[in-house]
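Chains as they are written, first to last, in the numbering used here: chain A, 22 to 582; chain B, 22 to 582. Glycine included, each C-beta is placed from N, C-alpha and C at the ideal position.
There are 2 protein chains.
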Amino acid sequence: MSDTREQILEQIKEQGELVRQLKASKESKEKLPLAPSSEGRAMSTSVGQQLKAQQQQQLQEQQQQQQQQMHKIDEEVSRLLALKAKLGGDAAPANQKFTLKTPKGTRDYAPQQMTLRQGVLDKIVQVFKRHGGEAIDTPVFELKEVLTGKYGEDSKLIYDLKDQGGEILSMRYDLTVPLARYLAMNKISSIKRYHIAKVYRRDNPAMTRGRYREFYQCDFDIAGTYDPMLADAECVKIVAEVLDTLDIGDYVIKLNHRQLLDGMFEACGVPPNNFRAICSAVDKLDKSPWAEVRKEMVEEKGLDGATADRIGEYVRLSGGAELVEQLLADPKLKAVPNAVKGLEGMQLLLKYCSLFGLEQRVSFDLSLARGLDYYTGVIYEGVLKAEPGSTGSPVKTLQNGDQAPEQGGTVGSVAGGGRYDNLVGMFDPRGKAVPCVGVSIGVERIFSVLEAKFAASKVKLRTNDVEVYVASAHKGLHEQRLRVLNQLWDAGIKAEHSYKVNPKLLVQLQHCEEHQIPLAIVLGDAELAQGIVKLREVRTRQESNVTLAELPAEIRRRLQE
Amino acid sequence: MSDTREQILEQIKEQGELVRQLKASKESKEKLPLAPSSEGRAMSTSVGQQLKAQQQQQLQEQQQQQQQQMHKIDEEVSRLLALKAKLGGDAAPANQKFTLKTPKGTRDYAPQQMTLRQGVLDKIVQVFKRHGGEAIDTPVFELKEVLTGKYGEDSKLIYDLKDQGGEILSMRYDLTVPLARYLAMNKISSIKRYHIAKVYRRDNPAMTRGRYREFYQCDFDIAGTYDPMLADAECVKIVAEVLDTLDIGDYVIKLNHRQLLDGMFEACGVPPNNFRAICSAVDKLDKSPWAEVRKEMVEEKGLDGATADRIGEYVRLSGGAELVEQLLADPKLKAVPNAVKGLEGMQLLLKYCSLFGLEQRVSFDLSLARGLDYYTGVIYEGVLKAEPGSTGSPVKTLQNGDQAPEQGGTVGSVAGGGRYDNLVGMFDPRGKAVPCVGVSIGVERIFSVLEAKFAASKVKLRTNDVEVYVASAHKGLHEQRLRVLNQLWDAGIKAEHSYKVNPKLLVQLQHCEEHQIPLAIVLGDAELAQGIVKLREVRTRQESNVTLAELPAEIRRRLQE
Chain A
22 MSDTREQILE
32 QIKEQGELVR
42 QLKASKESKE
52 KLPLAPSSEG
62 RAMSTSVGQQ
72 LKAQQQQQLQ
82 EQQQQQQQQM
92 HKIDEEVSRL
102 LALKAKLGGD
112 AAPANQKFTL
122 KTPKGTRDYA
132 PQQMTLRQGV
142 LDKIVQVFKR
152 HGGEAIDTPV
162 FELKEVLTGK
172 YGEDSKLIYD
182 LKDQGGEILS
192 MRYDLTVPLA
202 RYLAMNKISS
212 IKRYHIAKVY
222 RRDNPAMTRG
232 RYREFYQCDF
242 DIAGTYDPML
252 ADAECVKIVA
262 EVLDTLDIGD
272 YVIKLNHRQL
282 LDGMFEACGV
292 PPNNFRAICS
302 AVDKLDKSPW
312 AEVRKEMVEE
322 KGLDGATADR
332 IGEYVRLSGG
342 AELVEQLLAD
352 PKLKAVPNAV
362 KGLEGMQLLL
372 KYCSLFGLEQ
382 RVSFDLSLAR
392 GLDYYTGVIY
402 EGVLKAEPGS
412 TGSPVKTLQN
422 GDQAPEQGGT
432 VGSVAGGGRY
442 DNLVGMFDPR
452 GKAVPCVGVS
462 IGVERIFSVL
472 EAKFAASKVK
482 LRTNDVEVYV
492 ASAHKGLHEQ
502 RLRVLNQLWD
512 AGIKAEHSYK
522 VNPKLLVQLQ
532 HCEEHQIPLA
542 IVLGDAELAQ
552 GIVKLREVRT
562 RQESNVTLAE
572 LPAEIRRRLQ
582 E
Chain B
22 MSDTREQILE
32 QIKEQGELVR
42 QLKASKESKE
52 KLPLAPSSEG
62 RAMSTSVGQQ
72 LKAQQQQQLQ
82 EQQQQQQQQM
92 HKIDEEVSRL
102 LALKAKLGGD
112 AAPANQKFTL
122 KTPKGTRDYA
132 PQQMTLRQGV
142 LDKIVQVFKR
152 HGGEAIDTPV
162 FELKEVLTGK
172 YGEDSKLIYD
182 LKDQGGEILS
192 MRYDLTVPLA
202 RYLAMNKISS
212 IKRYHIAKVY
222 RRDNPAMTRG
232 RYREFYQCDF
242 DIAGTYDPML
252 ADAECVKIVA
262 EVLDTLDIGD
272 YVIKLNHRQL
282 LDGMFEACGV
292 PPNNFRAICS
302 AVDKLDKSPW
312 AEVRKEMVEE
322 KGLDGATADR
332 IGEYVRLSGG
342 AELVEQLLAD
352 PKLKAVPNAV
362 KGLEGMQLLL
372 KYCSLFGLEQ
382 RVSFDLSLAR
392 GLDYYTGVIY
402 EGVLKAEPGS
412 TGSPVKTLQN
422 GDQAPEQGGT
432 VGSVAGGGRY
442 DNLVGMFDPR
452 GKAVPCVGVS
462 IGVERIFSVL
472 EAKFAASKVK
482 LRTNDVEVYV
492 ASAHKGLHEQ
502 RLRVLNQLWD
512 AGIKAEHSYK
522 VNPKLLVQLQ
532 HCEEHQIPLA
542 IVLGDAELAQ
552 GIVKLREVRT
562 RQESNVTLAE
572 LPAEIRRRLQ
582 E
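Printed below as a string of structure tokens:
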């Protein structure tokens, strides 16, 4: 018996050894002279056509072999997993003890929080509908391939589902890539859609600041081939309307343009293949001081120090139309077509924003970069300003790049978006592009601001809408209660009672007061014999007699008062 | 080079051989005489205390070894996967072609479907709130351990997330287990909550009949220690109100009781450890004829043929209060305390249902079993009846057990639930129970019935709420349009325009007619010079002049007409 066990262990050990050998041989292969890398790109410029063709053939063979190997590994993995299952690895023992919690970075919403959340979402939907938005919904997971190659450095944060046979799936990371997939799949070339749903990121959670691994996004996007900046400006307007209607404090909407950023990088001497990496470094300026960002550019991303310093001069700038004028006259920038196009775009956007009454709300800000790869034009971000005298909450906007790292209790960015003209084309078999611009409201951060405000106010939110409580004055009336309740429900009145056959009257009336139920009906044999009941106003404790026949109408009249 | 590749392949082959050996040794271990099974239960009755203790020690050691082995297998699996990743298995090549689709068993909701869906959900929420429900929400995934051991045979349908380091997670399978986890975790002993959210099952999808792998559940549950059947009857009432308000055709609510089922099995001579398996066979009676179910009981579940036939006599019965009386007098049943308790419960439930005006809606039905393990008391299911003359849609209710297998286009069960008094206790460290009863509305099936109805009616649903379209009569007016739009939005009016600088008037007016927008404003230089615009009623095409200052008020007045 014990021999058999040891035999298994021995075999597993041997197997481990084999895997190490396998790895070693893979590594030794990688070091072979002249063996092309798996992409085969490094070679193609340095050798003649003949050699190149031979090598490509060799490469194809190698790739085939590699695929076979990977297939074999898959087979081994599934065999091992099947074995593990057989050994009982997936069956939980009865009475297993484990910590009772939600997964890391997620939370439950209790009724109070749901009431708050529903209030916020309703207001946001109202704004989206005011601009003609239609709702769509997509599955919470997508084929993994749909998400691959869309998020740059952030792809590592995608949740994958386990391979249980069938398709390989990942949880949606945002609502934008699913929208692009939806448009390409259904060959839709124009839509104004909103989508409110949860997305998933295996990020480092900071729950007190509203950063979760499962969180709501509220997106509004305008897809279609239109004239410049008209749809873009409307998205900025929507950010302003949402932040106004939620009344969560003073804010600024930072604006920038990816084409201008690229042009500025070009003007500063950044090599084109380094644009996205440097852009992602600039994106960190809202959390890190310039010195740190510069360090990342120079030490991690291999940028020349002088080039970084030139970038540093630009990303300190923010302002309005006058800044656009100034930069259009900048000798370095005006030589770069991308920079000029970006600046002209900004000029038009700022004009439309001013027609929308947003002059005091927007700020053209060269430090705004946005993390995601797919933006191609205008980008924007709504940021809460620190309220005078408030403790900690929202982020302090110092001079760009001199900002202190995010403090506990700060909130910062609560909305963001931009133009992404090439994303839909990535899904279309013939590459047909559908230009898009959109905005995403960061409601979790807004919830956490409102929750804090709310907790401070000490108001108790009603979490149900019950209008009438049906009570018994004495024992033996539960069947009468059911009859009256049935009458009220059938009349569309929100009503409840005690699920005890003979509850105490005091307990029933206390329930009404605790739950702020406005009206109570008190049943008693004496009144019922005359076909009447007592209707009680819970707040004033005033009671009056009402006939059973008139009850629904009388309740409606009282509720309207 | 090629040698290295072959070497790898060879090693993988050897490794496969080892896995087979490993499996073989595991199997030989299983066949060893007197080796206790991993549960160690089979032994404990047949041997003395001394031997038992020794064996238990031996068992513990074996379990430890087994855990070590499983740990080693995990290590090997992750090594193999890492190797695979290194070989490039997880990186998608650029320009990869793949079928553009949603994951199997899932779908997108287009604006038309969303409008329909939102209408249904709103109506259901209205019913839930009428009964005092409060909303909660939980994460879309749970720790895998939370779901383990709750769903019986259906556990294989749970979606697991990939182990990416950290916690092992699974997608929620229903909203009931998360509720139980929520109650235990927060030590809540009474709540009346509703929860509307998507759940996930790796089931065989049948999308035309509304069976998906990702689907909405709308749950209402009453938790708390109350008097018998008061909360249970209210849940049945809620099913009736939901199906009435949705107006999807005639229905019946089947009622049964798990205690009665168990008592009936006992009376028929089913061994107690076979109750759940036989119950799950009875559950198939809504889809399979009795002959097939009997075959499953006898051939797969080892039931005696005569016992099965006795069950067959009972599960054919359905009726009302008179059937309860008849069964209370049944000599076999009245000897079994469980059966008597179940029948007395049914008696009380039917009385309360009749006080709620449901006498014609409910049917006490001994073939109703419900698949899930966790029910402990009353169970119910709302089933759509075939409409006279309708083709295919909803299921035909023949005599129980004689029913034809589900046909294309049939719908059947659209709501279900029951009492589960022990589920919360499974999560409480001290096993403290919170009795619960609840109902789940199968909205996907309801959506598919309504979608079919709707498609047949050929009515075009409005998918946006735009009230006014702002049009230009001629070129050069786009900035004026933005000013007017801004005025309307700020006044809370739902308005949109063309995102072209100079759109054609005809195209703009056609847009209004296609999208059923009630009003249009037409801007022209001549009118603007006088501070007025044309307000057009899209349906009648009547136009009148309105001053810009009066525009919002005049639009409101027109919309109220």
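Own chain, CB closer than 8 Å to residue i, minus 5 neighbours either side, in chain order
i	result
B:Leu190	Phe162, Glu163, Leu164, Lys165, Asp181, Leu182
A:Met250	Gly366, Leu369, Leu370, Tyr373, Val399
A:Lys52	Its pLDDT being 43, under 50, A:Lys52 is placed unreliably in this model, and the value from its coordinates should be taken loosely. Once the five neighbours on either side are set aside, A:Lys52 has no close Cβ partner at all.
A:Leu580	Glu488, Pro539, Leu540
B:Tyr335	Met285, Cys289, Leu387
B:Lys144	Val263, Thr266, Leu267
Enclosing beta strand (DSSP E) for residue i [first to last residue]
i	result
A:Phe149	Where A:Phe149 is concerned, there is no enclosing beta strand (DSSP E), although the alpha helix (DSSP H) it sits in stretches over 132–151.
B:Phe241	235–244
A:Leu544	540–544
B:Ile514	Run containing B:Ile514: none; DSSP gives neither H nor E here.
A:Phe286	First-last for A:Phe286: 279–289, but that is the alpha helix (DSSP H), not the beta strand (DSSP E).
B:Tyr203	It is not in any beta strand (DSSP E) - B:Tyr203 instead sits in the alpha helix (DSSP H) that spans 197–206.
B:Gln563	563–568
B:Ile553	553–558
B:Ile217	212–221
B:Glu163	162–164
N-terminal and C-terminal residue of the alpha helix (DSSP H) that residue i is part of
i	result
B:Ala302	296–303
A:Phe475	464–478
B:Arg603	Any property of residue 603 of chain B remains undetermined from this structure, which presents chain B solely from 22 to 582.
A:Gly270	Taken as a continuous stretch (DSSP letters only), A:Gly270 belongs to no alpha helix (DSSP H), as it is neither H nor E.
Neighbour-count burial assignment, residue i, 16 or more Cβ in a 10 Å radius
i	result
A:Thr246	exposed
A:Val489	buried
A:Asp546	exposed
A:Val491	buried
A:Lys275	buried
B:Ala201	buried
A:Lys219	buried
B:Ser478	exposed
A:Ser461	buried
B:Glu517	buried
A:Thr568	exposed
Beta-carbon contacts of residue i that lie in its chain and below 7 Å, excluding the five residues immediately before and after
i	result
B:Phe377	Ala254, Lys258
B:Ile269	Leu405, Ile467, Val470, Leu471
Heavy atom of the ligand MG within 8 Å of residue i beta-carbon
i	result
A:Arg230	Of the ligands one can find in the structure shown there are none, so the ligand MG has no counterpart to examine.
Cut-off 6 Å between Cβ atoms - residues of its own chain near residue i, not counting five sequence neighbours on either side
i	result
B:Gly284	Val357, Asn359, Ala360, Gly363
B:Phe296	Asp283, Phe286
B:Gly126	Pro226, Tyr233, Arg234
A:His499	Val522
B:Phe149	Tyr215, Phe241
Item to complete: Could you run through the stretch 196–208 of chain B and flag, in chain order, every residue whose CB is less than 9 Å away from some CB of chain A?
Response: For the stretch 196–208 of chain B, the residues whose beta carbon sits under 9 Å from a beta carbon of chain A are, in order, Pro199, Arg202, Tyr203, Ala205, Met206, Asn207.
Practice prompt. Pick out the complete alpha helix (DSSP H) segments inside the stretch 350–390 of chain A, 4 residues or longer, and give them in chain order.
Written response: Entirely contained in the stretch 350–390 of chain A, the alpha helix (DSSP H) runs reaching 4 residues are, in chain order, 352–355, 358–376.
Discussion item. Against chain B, which members of the stretch 517–532 of chain A pass a CB distance test of less than 7 Å?
Written reply: Hits within the stretch, in order: Glu517, Tyr520, Lys521, Val522.
Worksheet item: the stretch 361–383 of chain B: which residues have C-beta closer than 7 Å to a C-beta of chain A, in chain order?
Response: Cβ proximity to chain A below 7 Å picks out Tyr373, Leu376, Phe377, Gly378 from the stretch 361–383 of chain B.
Practice prompt. Would you list, in chain order, the members of the stretch 169–189 of chain A that have their beta-carbon closer than 7 Å to a beta-carbon of chain B?
Written response: For the stretch 169–189 of chain A, residues whose beta-carbon sits nearer than 7 Å to a beta-carbon of chain B comprise Thr169, Gly170, Tyr180, Asp181, Leu182, Lys183, Gln185, Gly187, Glu188.
Worksheet item: What residues from the stretch 150–163 of chain A come within 9 Å of chain B, judged by C-beta to C-beta, listed N to C?
Response: The residues in question are Lys150, Arg151, His152, Gly153, Gly154, Glu155, Ala156, Ile157, Asp158, Thr159, Pro160, Val161, Phe162, Glu163.
Worksheet item: What residue ranges within the stretch 171–200 of chain A form continuous beta strand (DSSP E) runs of no fewer than 3 residues, ordered along the chain?
Response: Complete beta strand (DSSP E) runs here, min 3: 190–192.
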